[in-house]
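Enquirer: To start, I am sharing the structure in question, which I have written as structure tokens.
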Amino acid sequence: MRPSAPPGLLSTAWILVRKDLLLEWRSRARANALVFFALASVLLFSFALGPDTTFLRHAAGGTLWLAILLASVLALGESFRVEQENAALDGLRLAPADARALFLAKALANAVLLVLVGAVILPVLFALASVDAVLGLGRLAGVLVLGCLAIAAPGTVYAAIASHARSRDVLLPLLLFPLLIPAVVAAAKATSLVFEGDPMLQSGSWLGLLGAFNLVYWSLGFALFPRVVED
Amino acid sequence: MLKKALIALTLLAIGLVVWAAWLGLAWAPPDREMGDVQRIMYVHVPAMEMSLLAMTLNFICCVAYLFRPRWSTDSLAEAFAEVGLFFGTYGLVLGSIWGKPTWNTYWTWDPRLTAMAIGLVSYAGYLALRRFVDDAERRAVWSAVVGIIIAVDVPIIYLSVRWWRSLHQVQSSPATVDPAMVHALRWNFVAFFVVFIVFVMARYAIARARREQEMTPPPLVLEAAR
Amino acid sequence: MSNALELHDVSKRYGRIWALARLSLVLPEGQSLLLTGHNGSGKTTLLRLLATLFRPTTGRILLFGQDAVSGREALRPRIALLGHHTFLYDDLTARENCVLLARLLGRPAAEANALLERLGLGARADEAVRTFSAGMRKRLAIVRLLLKRPSLALLDEPFGELDPAGIQEMEHLVRDLSQAGATVVLATHQVEHGQSLCTERLHLAAGRAAQA
Amino acid sequence: MSVHLFLAAEVGRIQGGWSFVWAAYGVTWAALSLYALSLWLRRPKKES
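What follows is the structure, encoded as structure tokens:
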């Protein structure tokens, strides 16, 4: 009576990623709002940090990643609010879908959204801070993707926890920001080097730190996320 | 019985702290370069070490809870987190007080101090999470998860801050330490360790009492059992 | 022929409240249990425990001979819960919700489409669930339940939000499930509908077994 | 021990050291007693 063969971990994750991306597409009004929020943050930082373009050029890396960080808090919170409607997350657990696949799918979908936000901000930043990708767009794209992945992994675990706690809008950033400092420092430094050239070849160490951060928190999230959703 | 042990330890702690303070303030010699200002070390260093010790023990309790859930482990994790936050916070204040005369500024982005400061904000988040989750069992599991995530992050923060800082000033290390100073420092370490134990025991009792009060089964159920 | 479900001295506590207190129960496979009791008597908690949504505070639950906590990964494909929550994504269409579940179960999408037609949702299958009425959402939840072909069907107040025609269909559905050999646990405070459908009965009061 | 004192030259000694030292020890003792007080106030009332 049971001819079906349920999909394995990775194919389940792939099914769920497509579901999450479809959900983001369907609610793209929210994604658009997120992008404009990030743009507003970039403008805010540029005005706050003063009109001196040489300083702005130096601070461009930091500006980009602060904007993405602020946007990530909204994106992560939103990604689990959707799951709480009609207890959809419980529905997935009972489908059954392996909680680790749930983590991979949700973290990847959030990372994709953040990369899109970053991609939209960058041209504006090029104009505002009069910077250019000296080390090439490829390196810049690499830093953007690695940085967004580094935010999405622990962010997804924290968003799942915060979504069930009281005053979640305070709790998520309070937990996430201190944790992400190494990732944001590394991403901002690597981005600045792309903008201003890397005479002393430091970007290798920053990208290494960013990669190590990703490795640690994707594996830690993969191992701990089931404990968060499975009661 | 526990109450008597706590009182005895408290008295011991007070005696040791006073004795160690005397060692640090009067008995130990002043530092050749920094002079008497260096005496702040005798309270700053133990505070930092107690904070690091507390964070490590919190991490161990969090991991232990995930393998074998027990209320004692959960309450112990909570106690270590708060005591660690306490020692780290005033330890940082001492660090910046010490920084003023030696580096002429209250804050120098010294990798150890900065990593500790970020770690403390993380543990403040950990304690906030424990207050914002009502269900005791969920709170225990989730704070264990968060405790592990934070503890893994502290060394990474230290590394990234040191690289980030190395782009500016060279890191300053304290002058060679006189054996008498080491003696005074060791006694201060012992004194603050006893204080640490007293605080953890007291805070653990508070956490256990809250758990008991939160979870005592109504008598209705117990009658049915007989 | 192991029992479909066995409860050994099961209790579930939320903070200070015992939602379920020392409940023991055995239900052979293929039987159907009518679960009655006022609101807050523990009906929903019991169903969610049987659905392996969370673990009991004390005691053990055996489903088809397996422990409900340690064996939940293996048990979940065989269990379906029709609860207060519909498990649906409002932003997705009815078809997308059902096809998603079909894929997670390794079933062909056609099966989901066929069930949508059968439950009279074919016409609006490509509209977002957000636009659906409560009754239609219940039908969609029934499609999800049938898609799993459950061995254990847990129905929490299935007659709620349904018009008389819908209630008849629901009774028809429960009979179909029983005939297909599934074990059914039906929780309701509308006893008159459930009576004729179920072979056994359990009345709950304040989380404990009691006389009706 | 005494040889060390002989070598201690005034050069390089930071002036006004003691004000910072007392500040630091003051902060330490204040913090310890305040936290001890808060633990006492939050202690479990009835000894179970």
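If you're matching them up, the sequences are chains A, B, C and D in order. Each residue of the first sequence is one higher than the last, beginning at 10 in this note's numbering. Each residue of the second sequence is one higher than the last, beginning at 4 in this note's numbering. Each residue of the third sequence is one higher than the last, beginning at -17 in this note's numbering. Each residue of the fourth sequence is one higher than the last, beginning at 103 in this note's numbering. Built from N, CA and C at the ideal position, the CB exists for glycine as well.
Given a limit of 9 Å on CB to CB distance, which residues of the stretch 92 to 103 of chain B reach chain A?
Expert: none
Enquirer: Could you say which of B/Leu12, B/Leu19, B/Val155 and B/Ser169 lies nearest to B/Asp113 if we only look at CA atoms?
Expert: B/Ser169
Enquirer: Let me check understanding here. Comparing Cα to Cα, which of C/Ala164, C/Ser133, C/Leu127 and C/Gly117 lies closest to C/Phe141?
Expert: C/Gly117
Enquirer: Report the residue ranges of all alpha helix (DSSP H) runs contained in full by the stretch 4 to 34 of chain C; include only those spanning at least 4 residues, in chain order.
Expert: 25 to 32
Enquirer: Please identify, using Cβ separations under 9 Å, the residues of the stretch 84 to 108 of chain A that lie next to chain B, in order along the chain.
Expert: none
Enquirer: Looking at chain A, is there any beta carbon in it that lies within less than 7 Å of the beta carbon of B/Asn113?
Expert: Note on residue identity: the sequence assigns Asp, not Asn, to residue 113 of chain B. No - not a single Cβ of chain A is within 7 Å of the one on B/Asp113.
Enquirer: Am I right that C/Lys130 and C/Leu87 are in contact with their C-beta atoms under 8 Å? What's the rounded C-beta distance?
Expert: Going by Cβ atoms, the distance from C/Lys130 to C/Leu87 rounds to 6 Å, so yes, they are a contact pair.
Enquirer: What residues in the stretch 209 to 238 of chain A bring their beta carbon closer than 7 Å to a beta carbon of chain B?
Expert: Ser214, Leu218, Phe222, Val225, Leu229, Leu233, Arg236 and Val237
Enquirer: Check the Cβ-Cβ distances between A/Ile160 and every residue of chain C, and say whether any is below 7 Å.
Expert: no
Enquirer: For the 8 Å Cβ check, are there 3 or more pairs between the stretch 5 to 24 of chain C and the stretch 143 to 153 of chain C?
Expert: no
Enquirer: For B/Phe83, count the other beta carbons within 10 Å of its own beta carbon; 16 or more makes it buried, fewer makes it exposed. Which is it?
Expert: buried
Enquirer: Starting from B/Glu217, find everything on chain C with Cβ-Cβ shorter than 8 Å and list it in chain order.
Expert: Gly(-3) and Arg(-2)
Enquirer: Note down the Cα distance separating A/Gly156 from A/Arg102, rounded to an integer number of angstroms.
Expert: 29 Å
Enquirer: Counting along the chain, where does the beta strand (DSSP E) carrying C/Leu168 start and finish?
Expert: Thr165 to Ala169
Enquirer: Considering only the alpha carbon of each residue, which of A/Gly70, A/Val82 and A/Arg66 lies closest to A/Phe46?
Expert: Checked all of A/Gly70, A/Val82 and A/Arg66; the closest Cα to A/Phe46 is A/Val82.
Enquirer: Could you name the residues of chain C that B/Asp138 contacts, counting a contact when the two beta carbons are closer than 9 Å?
Expert: Tyr(-4) and Gly(-3)
Enquirer: For the structure I just gave you, are there three or more beta carbon pairs, one from the stretch 203 to 223 of chain A and one from the stretch 32 to 47 of chain B, closer than 8 Å?
Expert: no
Enquirer: Using a Cβ-Cβ cutoff of less than 6 Å, which residues in the same chain neighbour A/Leu180 once the five nearest sequence positions on both sides are dropped?
Expert: Ala171 and Ala174
Enquirer: Between which two residues does the beta strand (DSSP E) carrying C/Lys(-6) extend?
Expert: First-last of the beta strand (DSSP E) with C/Lys(-6): Asn(-15) to Tyr(-4).
Enquirer: What does the alpha-carbon distance come out to for the pair C/Leu103 and C/Leu57?
Expert: 29 Å
Enquirer: Any beta carbon of chain A sitting closer than 7 Å to that of C/Arg77?
Expert: no
Enquirer: Once DSSP output is grouped into helix, strand and coil, what is the label at C/His66?
Expert: In the structure shown, C/His66 sits in coil (DSSP, three-state: anything other than H, G, I, E or B).
Enquirer: Give a yes or no on whether 7 Å exceeds the smallest Cβ distance from A/Pro187 to chain B.
Expert: yes
Enquirer: Does the Cβ of B/Ile209 have 16 or more other Cβ atoms within 10 Å, making it buried, or fewer, making it exposed?
Expert: buried
Enquirer: Could you give the distance in angstroms between the alpha-carbon of C/Leu122 and the alpha-carbon of C/Leu101?
Expert: 8 Å
Enquirer: Are there 16 or more other CB atoms within 10 angstroms of the CB of C/Ala105, so buried, or fewer, so exposed?
Expert: exposed
Enquirer: I need the DSSP call for C/Glu182, collapsed to helix, strand or coil.
Expert: strand
Enquirer: Are the C-beta atoms of A/Leu32 and some chain C residue less than 7 Å apart?
Expert: yes
Enquirer: Do A/Ala159 and A/Leu219 have their beta-carbon atoms positioned less than 7 Å apart in this structure?
Expert: yes
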